[in-house]
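Just so you know, we're using the working numbering here: the sequence shown kicks off at 264 and counts up by one.
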Amino acid sequence: MFLLHMLQNYNKWKVLQIFFDHPLVREFQLREISRKINLAPSSVKNYLEELEKEQFIIKQKNRVQNYPIYFANRDYKNFKYFKKIDLQERLFSSGLIAFLNDTFLPDAIVLFGSASKGEDTELSDIDLFVSSKMKKIELTKYEKVLNRKINLLFEPDFNKFSKELKNNILNGIVLSGYVKVF
Numbered sequence: 264m265f266l267l268h269m270l271q272n273y274n275k276w277k278v279l280q281i282f283f284d285h286p287l288v289r290e291f292q293l294r295e296i297s298r299k300i301n302l303a304p305s306s307v308k309n310y311l312e313e314l315e316k317e318q319f320i321i322k323q324k325n326r327v328q329n330y331p332i333y334f335a336n337r338d339y340k341n342f343k344y345f346k347k348i349d350l351q352e353r354l355f356s357s358g359l360i361a362f363l364n365d366t367f368l369p370d371a372i373v374l375f376g377s378a379s380k381g382e383d384t385e386l387s388d389i390d391l392f393v394s395s396k397m398k399k400i401e402l403t404k405y406e407k408v409l410n411r412k413i414n415l416l417f418e419p420d421f422n423k424f425s426k427e428l429k430n431n432i433l434n435g436i437v438l439s440g441y442v443k444v445f
């Protein structure tokens, strides 16, 4: 039953992902969303109405042409919650986490900073702590897929960090392994 429900709402999730990717500086029109995700405008309109009722997005009238425009409702707690889940899924499905695990064999990989709170914007980077020694790697492929710059923080000894940075990392989301604190 859950799988059927999930498949029926996949297109709705694709509409919501547009707002996850551009929560700050973008307003969207129905036809623009329709073109971006290759879905009929009538379906997009239905999903936008549902998302507005669920408070994920805000609908306003354009001042000049009087057509509806849509914004992300970044202050809604569920928007942030599902935005975090979406980013985690994308980090795994892009292959980035597997690549980091295979390349560095780290004790832990932790998503921290604004992305771990669902507060990142299209202008933010993705901060990942990798509990390992640093090696030079190319992340361009993953940055294109995720549409964000990726900032890796390497350190095999977690205790070398300042209290503030330790706190920030520990309040993040562990994507792989575990952080050795003591």
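C-beta: ideal position from N, C-alpha, C; glycine also. Remember, it's a predicted structure, so these values are computed and weren't measured experimentally.
- Own chain residues within Cβ distance below 8 angstroms of LYS343, not counting five before or after: ARG337, LYS380, GLY381, GLU382
Original post:
So does the stretch 310-321 actually touch the stretch 354-372, counting three or more Cβ pairs closer than 8 angstroms?
Top reply: no
Review point. Out of curiosity, what's the CA-to-CA distance linking GLU317 and ALA335?
Key: 12 angstroms
Query raised in the report: CB-CB under 6 angstroms to ILE300, same chain, minus the five flanking residues each way: which ones, in chain order?
Result: LYS277
**Request:** Report the three-state DSSP secondary structure of ASN430 (helix, strand or coil).
**Result:** helix
Self-check item: Nearest to ASP390 (by Cα), restricted to the options ASN274, LYS347, VAL373
Solution: VAL373
- Going by CA-CA distance only, name the one from PRO331, ILE348, LYS324, ASN325 that's closest to LEU279. ILE348
With DSSP as the reference, identify every bridge partner of LEU391, one or two as the case may be. Secondary-structure assignment with DSSP links LEU391 through a beta bridge to LEU374, LEU415.
### Task
Would you mind giving the Cβ-Cβ distance between ASN274 and LEU302, rounded to the nearest angstrom? I have them listed as a contact below 8 angstroms.
6 angstroms
| task | Specify, as a first and last residue, the run of the beta strand (DSSP E) that PHE355 falls within. | result | Run containing PHE355: none in the beta strand (DSSP E); it sits in the alpha helix (DSSP H), 340-356.
query = Where does LEU402 fall in DSSP's three states?
reply = coil
Pick from PHE282, LYS407, PRO419, ARG353 that is closest to MET397, judged by C-alpha positions: PRO419
Margin query: If you measure between the beta carbons of ARG411 and SER387, is that distance less than 8 angstroms?
Written below: yes
Please classify VAL442: does DSSP put it in a helix, a strand, or coil?
coil
Report task. For the stretch 301-341, list the beta strand (DSSP E) runs that are entirely contained and at least 3 residues long, ordered along the chain. Result -> 320-324, 331-335
Do PHE424 and VAL444 count as a contact pair if the criterion is CB distance below 8 angstroms? no
Candidates PHE355, ASN414, PHE319: which alpha carbon is nearest LYS340's?
-> PHE319
LYS399 versus ILE360: straight-line alpha-carbon distance, rounded: In this structure, the straight-line span from the alpha carbon of LYS399 to that of ILE360 is close to 16 angstroms.
Can you give the Cα-Cα distance for VAL442 and ILE296, rounded to whole angstroms? When the Cα atoms are used, VAL442 and ILE296 turn out to be separated by approximately 40 angstroms.
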